[in-house]
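The sequence shown begins at 1 in full-length UniProt numbering and counts up one residue at a time.
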Amino acid sequence: MRHHLKIGCVLVHPDRNVLQCGSNQMHLEPKVMEVLCVLADAPNEVISRDSLLNLVWRDAYASDECLTRTVSMLRRAFRQLGCDGYIETVPKRGYLLTAAVATVATPEEGPLGPPSGWRAYLPWGNSRRTAAIFALSISLVAITSVLTVKLIGGF
1 MRHHLKIGCV
11 LVHPDRNVLQ
21 CGSNQMHLEP
31 KVMEVLCVLA
41 DAPNEVISRD
51 SLLNLVWRDA
61 YASDECLTRT
71 VSMLRRAFRQ
81 LGCDGYIETV
91 PKRGYLLTAA
101 VATVATPEEG
111 PLGPPSGWRA
121 YLPWGNSRRT
131 AAIFALSISL
141 VAITSVLTVK
151 LIGGF
């Protein structure tokens, strides 16, 4: 079982950066999901802009405009799922999540479950790009090995 969040009417899958309301899904950028998770850790409490910047971007430089854009993207995602008004701006202080937050355990099956078939056993899961890079790397090692043996005069 994995643990997800239920924020108002929205099921949040932090591990996949997905918001889900019924059959509708929204994919979020990783930093947008991180901001949501920080806000969800303290529902109905004001989280300062500085705290969000420090917790989400850590040592990387991020401006107030970056945080404003991220919160805007998060609000847009909730609005597109029909759940407007979950994030409130407190002028000169920060943001707060006004919706109820609960932790939910969900089964591993379903549309967001683990990859099926042979991909389930690969360390990179369902990522085709990573699989292609891995296959290319193995091929290059094999070709280099064969050429090295032939050039050294082995066979």
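Quick reminder that beta carbons are idealized off the backbone N, C-alpha and C, glycines included.
Give me the Cα-Cα distance between residue i and residue j, rounded to the nearest whole angstrom.
i      : j      : result
Lys92  : Ser63  : 15 Å
Asp59  : Leu53  : 9 Å
Gly153 : Val146 : 11 Å
Ala42  : Ala100 : 10 Å
Ile133 : Asp50  : 38 Å
Ser23  : Arg76  : 18 Å
Phe78  : Asp84  : 6 Å
Leu74  : Glu34  : 10 Å
Glu65  : Ser137 : 40 Å
Between the Cα of residue i and those of the options, spot the shortest distance and give me the residue it belongs to.
i     : options                         : result
Gln20 : Glu65, Pro30, Leu5 and Leu67    : Leu5
Pro14 : Gly22, Glu29 and Ser23          : Glu29
Val56 : Glu45, Glu65 and Leu36          : Leu36
Val32 : Val10, Ser145 and Ser72         : Ser72
Gln80 : His27, Thr70 and Ala40          : His27
Val38 : Gly22, Ser139, Leu67 and Ile138 : Leu67
Thr89 : Thr70, Val12 and Thr103         : Thr70
Is it right to say residue i is buried, meaning 16 or more other beta carbons lie within 10 angstroms of its own, or is it exposed?
i      : result
Leu151 : exposed
Ile87  : buried
Gly82  : exposed
Ala105 : exposed
Tyr95  : buried
Ala135 : exposed
Identify the residues that DSSP records as bridge partners of residue i: which are they?
i     : result
Lys6  : Leu11 and Ala102
Gln20 : Leu11 and Gln25
### Query
Could you give the uninterrupted runs of the alpha helix (DSSP H) lying entirely in the segment 27-52, keeping only those of 4 residues or more?
30-41
### Complete runs of the beta strand (DSSP E) confined to the segment 67-100 [at least 3 residues]
87-90 and 94-97
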